[in-house]
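Under our numbering, the first residue of the sequence shown carries the number 1298, and numbering increases by one thereafter.
C-beta atoms are modelled at their ideal positions from N, C-alpha and C, and glycine is treated no differently.
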Amino acid sequence: YTGIDPLDAALEDRFHIIHLGYLPPQLETTLILTRTGLAGENCTKLLQFVNKLRVDGQDPIHVSTRRVLMMAELIIAGLDMRSAVISNVAMDADKLESVLLHMDFGGSSLGANALSANDASKFVVL
C-alpha cells in the first residue's frame, strides 16, 4: 500500500474518533450465516474460539469480523475449522498452540503437538 504513513497531528485533529467494539454474539452469528451460510454447531464453535481470543484477560488478540467471515468461508469450502483458524489468526505460534490445546474442534481436543512445523511457518510472530 502507499500512503500508510501516520496522519499529521493537525489533520488527525479534524476527525471525530468513534471507538467500536465487536458485534454482540447473536448479531455476529446472523452476519456469518447471512454472508457465508455457516450455521449451527460449526458457527457456535468458531465464535466461541474467536471470543476466547478477544477477551483473554492476559493478552487479548484482535480478531476482526472480516477475519471471522474469512474463516467461515474456508469452513464452508471444506477446510476443517482448525486449519481455517490457523490460516487467519496472526499471533505467536506457541500462544496459538496453547489456546488450540484447550479447544474442541469436531468432538476431540487437539492434544499435544497441535501445530506441525508447517503450521508454525504460517504465523506472524508478535
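One Cα belongs to Ala1306, the other to Leu1335, and the distance between them is close to 43 Å. In the assembly as shown, Thr1333 is a buried residue. Its beta-carbon has 16 or more other beta-carbons within 10 Å. Leu1344 places its beta carbon less than 9 Å from that of Thr1326. Under the criterion of beta carbons closer than 8 Å, Met1368 and Asn1385 qualify as touching, at roughly 5 Å.
Taking Ala1381 as the centre and dropping the five residues before and after it, the same chain places the C-beta of Met1368, Leu1371, Ile1372 closer than 6 Å to its C-beta, in chain order.
Taking 9 Å as the cut-off, the beta carbon of Cys1340 is found closer than this to the beta carbon of Leu1330. CA-CA distance, Val1360 to Glu1338, rounds to 20 Å.
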